[in-house]
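The next block holds one structure in the form of structure tokens; read it before the comments.
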Amino acid sequence: MTAFRQVDVFGSGPLSGNPLAVVHDADSWSTDQMARFANWTNLSETTFLLPPLDAAADYRVRIFTVDGELPFAGHPTLGSAHAWLEAGGIPQTPGRVVQECGVGLVPLHHAQRLAFAAPALLRSGPVEAALSARVAAALGLAADDVLATHWIDNGPGWIGLEVTSAAAVLRIDPDPAELRGLQVGILGRYDGAGPAGVDAEVRAFYSEGRHVIEDPVTGSLNAGFAQWLIGAGRLPQAYVARQGTAVGRDGRIHIDAADGEIWVGGDTRTVLSGTVAAGWPTDVDIGHQPQI
């Protein structure tokens with residue numbers, strides 16, 4: 003029997019963050035079986051824990067959306083580390099966990115809360131003018147709402163927009179047809195009148211087949227924003243972002259630039275635990291199912 007957990011990640015309280023499905027000891031699962039199971043969970047991501055290939059790692063993870071595999075994602079990193087530790091995982095270095103995934107080794111620390119070190123960006127720099135204009139129009143933003151647009155891609159392909167205020171973030175009413183095929187994040191700062199302890203508001207939209215979905219809370223996007231905007235001197239070395247407001251969640255992402263790294267942290271809670279039904283995956287012929 004294969005152990006299974008569903009973890010709430012980045013929530014400010016119970017059931018307020020982004021859920022993650024975690025399958026333990028997935029050595030016997032094929033890529034097709036992982037993809038099929040992730041499609042069935044219908045969550046933004048499902049992860050599969052495996053023995054590491056790199057001796058420096060504590061465990062290896064494969065990360066799947068309903069449509070395919072990602073080299074890295076933030077809330078699956080925190081949620082997978084939480085599940086691995088809760089299941090009895092013992093890191094090689096006390097207080098430090100090293101995850102192996104598609105982008106390589108990702109260190110985490112677990113003190114007050116789990117936090118991962120933001121991996122290097124795969125693509126950075128200003129977004130070309132035509133694409134920037136398309137994204138702003140698709141989000142319903144006027145030209146003077148947008149302070150800057152930047153590639154902050156650490157695996158999922160994020161385009162980041164810094165806008166004039168948190169209120170501008172919350173006013174966004176996107177056109178899904180125009181955003182199709184893009185992964186877009188928006189950040190705006192509070193002027194002191196926001197929720198207690200919150201410095202910025204974030205929203206994220208990603209493409210899934212023919213659909214555009216708003217992600218409740220997004221670690222990879224917030225990592226990219228921190229690398230860009232702290233590096234540019236437009237955000238402080240430590241801050242808290244809120245995400246999920248527009249979809250009924252209340253996530254908190256804790257950013258801290260320290261020790262030469264940008265650490266992205268959040269609270270994690272197991273909501274469901276149990277086992278995957280006996281016989282899966284070895285007795286199930288899943289084949290390739292058409293996307294409809």
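Per my numbering, residue 3 is the first one in the sequence shown, and the count goes up by one each step.
Where is the CB? At the ideal position from N, CA and C, for every residue including glycine.
On a predicted model such as this, the values are computed, not experimentally measured, just so you know.
Whole angstroms are fine: how far does the CA of residue j sit from the CA of residue i?
| i | j | result |
| --- | --- | --- |
| Val165 | Leu87 | 38 Å |
| Val100 | Ala120 | 13 Å |
| Ala168 | Gly19 | 19 Å |
| Pro271 | Val129 | Correcting the residue type first, residue 271 is Arg in the shown sequence and not Pro. Those two C-alpha atoms are separated by around 37 Å. |
| Asp146 | Ala170 | 11 Å |
| Gly90 | Arg136 | 48 Å |
| Gly15 | Phe118 | 20 Å |
| Leu276 | Ser126 | In the sequence as presented, Leu is not what sits at residue 276; that position holds Gly. Cα to Cα, Gly276 sits roughly 41 Å from Ser126. |
| Leu17 | Ala234 | 34 Å |
| Arg205 | Phe227 | 12 Å |
| Ile65 | Asp56 | 17 Å |
| His213 | Arg182 | 7 Å |
Pull the bridge partners of residue i from the DSSP assignment, please.
| i | result |
| --- | --- |
| Tyr192 | DSSP, once it has assigned bridges, lists no residue as partnering Tyr192. |
| Ala48 | Here residue 48 is Thr; the residue named in the question, Ala, does not match the sequence. Note: Thr48 sits in a beta bridge opposite Ala23, Phe66. |
| His84 | His84 is not bridged to any residue. |
| His152 | Pro128, Gly162 |
| Ile92 | DSSP, once it has assigned bridges, lists no residue as partnering Ile92. |
| Ala259 | Ile264 |
| Leu116 | His112, Gly268 |
Can you check which of these residues, the options, is closest to residue i by C-alpha distance?
| i | options | result |
| --- | --- | --- |
| Arg173 | Thr247, Leu123, Ala179, Leu231 | Thr247 |
| Ala131 | Arg125, Trp153, Leu116 | Trp153 |
| Ala202 | Trp31, Gln245, Asp258, Ala75 | Gln245 |
| Ser30 | Asn44, Leu52, Ile65 | Leu52 |
| Pro73 | Arg98, Ser46, Val105 | Val105 |
| Tyr208 | Leu107, Ala140, Asp252, Asp193 | Ala140 |
| Gly268 | Ala113, Tyr61, Asp193, Gly97 | Ala113 |
| Ala59 | Leu107, Gly159, Gly190, Thr43 | Leu107 |
| Leu97 | Ala85, Leu116, Cys103 | The sequence shown places Gly at residue 97, rather than the Leu named in the question. The option with the nearest alpha carbon to Gly97 is Leu116. |
Task: Sufficient close CB pairs (3 or more, under 8 Å) joining the region 77-95 to the region 18-33 - done: At 8 Å Cβ cutoff, the stretches touch.
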